[in-house]
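In terms of our numbering, the sequence shown opens at residue 83 and continues consecutively.
Backbone N, C-alpha and C define an ideal beta-carbon position, used for all residues, glycine too.
Quick notes on the structure that follows.
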Amino acid sequence: MNKRLILITMTGLDRPGVFATVTGLISKTEGARIRDIEMTVTHPQMVLTVLLDLSSGDSCEKPLIKELLFAAMEMKLHLDFSVVSEEDYRRKTAKNRYIVTIIGSHVDAESLAQVSTILVDCHANIERISKLTQGELRCVELLIGTDAQLDIRALKRQLLQLSGGQHVDVAVQKESLYRRAKRLVVMDMDSTLIQIEVIDELARLAGVGELVAEITERAMNGELDFKASLEARVALLAGLKEKALMEVYQNIPLTTGARNLTSILKRLGFRTAVISGGFQFFTDRLKDDLGLDYAFANQLEIIDGVVTGRTKGVVVDGERKAQLLEEIAEREGITLDQVFYCPHPQYRQYAPVRRARIKGVVFP
Numbered sequence: 083m084n085k086r087l088i089l090i091t092m093t094g095l096d097r098p099g100v101f102a103t104v105t106g107l108i109s110k111t112e113g114a115r116i117r118d119i120e121m122t123v124t125h126p127q128m129v130l131t132v133l134l135d136l137s138s139g140d141s142c143e144k145p146l147i148k149e150l151l152f153a154a155m156e157m158k159l160h161l162d163f164s165v166v167s168e169e170d171y172r173r174k175t176a177k178n179r180y181i182v183t184i185i186g187s188h189v190d191a192e193s194l195a196q197v198s199t200i201l202v203d204c205h206a207n208i209e210r211i212s213k214l215t216q217g218e219l220r221c222v223e224l225l226i227g228t229d230a231q232l233d234i235r236a237l238k239r240q241l242l243q244l245s246g247g248q249h250v251d252v253a254v255q256k257e258s259l260y261r262r263a264k265r266l267v268v269m270d271m272d273s274t275l276i277q278i279e280v281i282d283e284l285a286r287l288a289g290v291g292e293l294v295a296e297i298t299e300r301a302m303n304g305e306l307d308f309k310a311s312l313e314a315r316v317a318l319l320a321g322l323k324e325k326a327l328m329e330v331y332q333n334i335p336l337t338t339g340a341r342n343l344t345s346i347l348k349r350l351g352f353r354t355a356v357i358s359g360g361f362q363f364f365t366d367r368l369k370d371d372l373g374l375d376y377a378f379a380n381q382l383e384i385i386d387g388v389v390t391g392r393t394k395g396v397v398v399d400g401e402r403k404a405q406l407l408e409e410i411a412e413r414e415g416i417t418l419d420q421v422f423y424c425p426h427p428q429y430r431q432y433a434p435v436r437r438a439r440i441k442g443v444v445f446p
């Protein structure tokens, strides 16, 4: 039996009943089957596209097109149609698809232009663009289609380099059911869930702010081993009163939108965690304040209300973070593909997590 694929496109001002009218007419046409469908509305323009499989040929095609044209005229909409070959349809559906997500305090035209230029250079075609935030343009999602020859790792490297220079973060994920079935969201604390670096604030109260800031910067730049740098910085905090820690906690500024985000995630049934290279004193309190499910960080040794200058237990560095992420996922009975990680903006400590195949994006 000859198959004809007809792409119907209806555009114009949005109004109630458009979708119901179009699908109703198709349902009454014998031999007409919907292969694909999509509808978008943008301030207040509407675009409805329907790919029809008309296996009965002209006997059902002409009457249906006529009915759709009359319906479009009555609703003051424009209707267009074109023939799609079976070969073109198969070629399109055989493509590998990925989701590119762009996030920032404001996603501007320059960021979008640079991302799309990279995609063009990689021979990736943008098939859909969606705004994921209300109000300001803070998150944009691109659905891209590519052929099997695309070097996805090279694409990710290019987009990662772009992230650093454009004040946005760009994440790439394989389009799959796992992407739509995230179950665990894990966040770092310093400069992520909160706006400050806790150890810098503690150092300021201890009178060693400049010394600790210098060590922190060298550690973030990869010049110092994280464990050694943590040991050196904590040693400088010796003698600090426990009440100083509480003073810092009580004045911690949460990142804009953090409380709303965690509240929404909880209502949607997500499990949430904070894993930090900072201190458990603060992550435990944030866990209780925000209603998180897990909290892990380094433990400051405090004796008789005074910081000794030492830590207790296993140091939470990049490798330990990746291990904890895997342990939580196992405890929750989910795969790593269902974990979403918001790391510290400094990517050097994020490398072990990337190797663990956990999807990540910087929370702006």
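For residue j and residue i, believed in contact at Cβ under 8 Å, the rounded distance
i: L70; j: V252; result: Outside the displayed span of the chain (83 to 446) sits residue 70, for which this structure offers no information.
i: V421; j: L407; result: 6 Å
i: R265; j: E169; result: About 39 Å separates the two Cβ atoms, so there is no contact after all.
i: Q362; j: N333; result: Not a contact, Cβ separation roughly 19 Å.
i: S311; j: A295; result: The pair is not a contact, with the Cβ atoms about 12 Å apart (cut-off 8 Å).
i: I184; j: V250; result: 6 Å
i: I200; j: L241; result: 6 Å
i: R341; j: L372; result: 6 Å
i: I410; j: Y376; result: 6 Å
i: L225; j: E209; result: 5 Å
i: L322; j: V389; result: 4 Å
Residue i in three-state terms, based on DSSP
i: V444; result: Note that V444 has pLDDT 47, beneath the 50 cutoff, so the model's placement of it is unreliable and no number is given.
i: N178; result: strand
i: T393; result: strand
i: A379; result: strand
i: V222; result: strand
i: G217; result: coil
i: Q277; result: coil
i: Y429; result: Residue confidence is low: Y429 scores 46 on pLDDT, short of 50, so the model does not pin down where it sits. No coordinate-derived value is stated.
i: R349; result: helix
i: R235; result: helix
i: D419; result: helix
i: S258; result: coil
i: A285; result: helix
i: V252; result: strand
i: R265; result: coil
i: K323; result: strand
i: R97; result: coil
i: V202; result: helix
Other residues of its chain near residue i: CB distance less than 7 Å, five sequence neighbours each side excluded
i: I118; result: Checking the displayed sequence, the identity of residue 118 turns out to be Asp instead of Ile. Closer than 7 Å at Cβ, skipping near neighbours: L133.
i: G391; result: V316, A317, L319, A320
i: R235; result: none
i: R367; result: Y331
i: E149; result: L107
i: M83; result: Low confidence applies here, because M83 scores a pLDDT of 45, under 50, leaving its location unreliable; read the following figure in that light. Same-chain partners within the cutoff: S137.
i: T344; result: T354, L372, G373, L374
i: K177; result: G227, T228, D229
i: K369; result: V356, A377
i: V397; result: K309, L312, N380
Proximal residues to residue i (C-beta, below 6 Å), its chain only, five neighbours per side dropped
i: N207; result: G227
i: S212; result: E223
i: T131; result: T91, E120
i: I384; result: E324
i: R179; result: G227, E257
i: L347; result: V267, T354
i: S358; result: D270, M271, T365, A379
i: R286; result: none
i: Y429; result: Confidence is the limiting factor: at Y429 the pLDDT is only 46, short of 50, which leaves the residue's position unreliable and the question unanswerable from this model.
i: V290; result: L318
i: T111; result: C142, L146
Beta-carbon proximity list for residue i, same chain, < 8 Å, skipping 5 on both sides
i: D96; result: V123, P126, Q127, M128
i: I88; result: L133, L134, L136, E143, I147, F163, S164, V165, V166
i: D233; result: C204
i: K174; result: G227
i: T298; result: E279, I281, D282, S311, R315
Say whether the segment 152-169 touches the segment 180-195, bearing in mind that this needs 3 or more beta-carbon pairs closer than 8 Å, one atom from each stretch. Output reads no: the segment 180-195 does not touch the segment 152-169.
Under 8 Å, with one C-beta from each stretch per pair, do the segment 279-289 and the segment 315-322 reach the 3-pair mark? Flag = yes, the segment 279-289 and the segment 315-322 touch.
Could you pull out every unbroken alpha helix (DSSP H) segment of at least 4 residues lying fully inside the segment 122-200, listed in chain order? Scanning the segment 122-200 from its first residue to its last, the whole alpha helix (DSSP H) runs of 4-plus residues come out as 140-156, 168-175.
My parser needs the alpha helix (DSSP H) runs of 4 or more residues fully inside the segment 292-320; what are they? If we require 4 residues or more, the alpha helix (DSSP H) runs fully inside the segment 292-320 come out as 308-317.
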